[in-house]
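Accompanying notes for the structure given below.
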Amino acid sequence: MKKPSLVPSLALVCLGMLLGQAPAVRAQLDKTIKASLILLAVDRYGKDINKFVNDVTRTQDIGDEAVTKVVPILTVGNGTYAGAAQVNGPRRLVDTVRAVAQMEGEKRIIQPTVRVRGLIPVSDRAVKSLETLKRVSGVGVTATLEVKL
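Note that the sequence shown covers residues -27 to -1, 1 to 122 in mature numbering (1 follows the signal peptide of the UniProt record, and there is no 0).
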């Protein structure tokens, strides 16, 4: 009598494991692709996006004293791209801004829970923690951009 082979059973188990992970893998892949597209769009079309934001907000650059620029928003901790933001300030400072770091927190104060989303202009896209941020003081965030994908 021939012994049953384990190969088909193992193949089915492996296939089941892969299929069970498919939604999680696809979600992570979608997130990575969207983040890459945001970064690519901001790097390639940042000046055009900036002009659009200035038109919407009726903002004008005033020489070197006050200029605007669109940069990606990075989530502190995992460094993923979460959108784009327009920053404003003196040209010499705005030119050093490479991204806006985003962090969130919430705290219960008496009854309601207060939620904070901080947006900080930074000179480095390697955003790992609040302690290592390379903040650009003197530059503010004037607009955030959301992309519906």
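From the three backbone atoms N, C-alpha and C, an ideal C-beta is built for every residue, glycine too.
Since this is a predicted model, take the numbers as computed values, not measurements.
Original post:
Does the segment 12 to 30 touch the segment 73 to 83, meaning 3 or more C-beta pairs lie closer than 8 Å?
Top reply: no
**OP:** In the DSSP assignment, find the unbroken alpha helix (DSSP H) run with residue 168 in it and report its ends.
**Re:** As shown, the chain starts at -27 and ends at 122. That puts residue 168 outside it, with no answer to give.
Subject >> Which residues DSSP lists as bridging residue 91, in chain order >> reply: 76
**OP:** Could you tell me the boundaries of the beta strand (DSSP E) in which residue 48 lies?
**Re:** 40 to 48
Subject >> Element boundaries [beta strand (DSSP E), containing residue 114] >> reply: 113 to 118
Original post:
Who are the Cβ neighbours of residue 118 in its own chain at under 8 Å, not counting the five residues just before and after it?
Top reply: 22, 26, 43, 56, 57, 58, 59
Subject >> Proximity of residue 95 and residue 116 at Cβ, strictly below 8 Å >> reply: no
Subject >> According to DSSP, residues forming a beta bridge with residue 83 >> reply: The partner list for residue 83 (beta bridge, DSSP) is empty, contrary to what the question assumes.
**OP:** Give every residue of the same chain whose Cβ lies closer than 6 Å to the Cβ of residue 86, excluding the five residues on either side of it in the sequence, and list them in chain order.
**Re:** 79
Original post:
Just how far apart, CA to CA, sit residue 13 and residue 77?
Top reply: 25 Å
Original post:
What three-state label does DSSP hand residue 55 in the structure shown?
Top reply: strand
Original post:
What are the residues that DSSP puts in a beta bridge with residue 35?
Top reply: 39
Subject >> Beta-carbon spacing of residue 99, residue 62 below 8 Å >> reply: no
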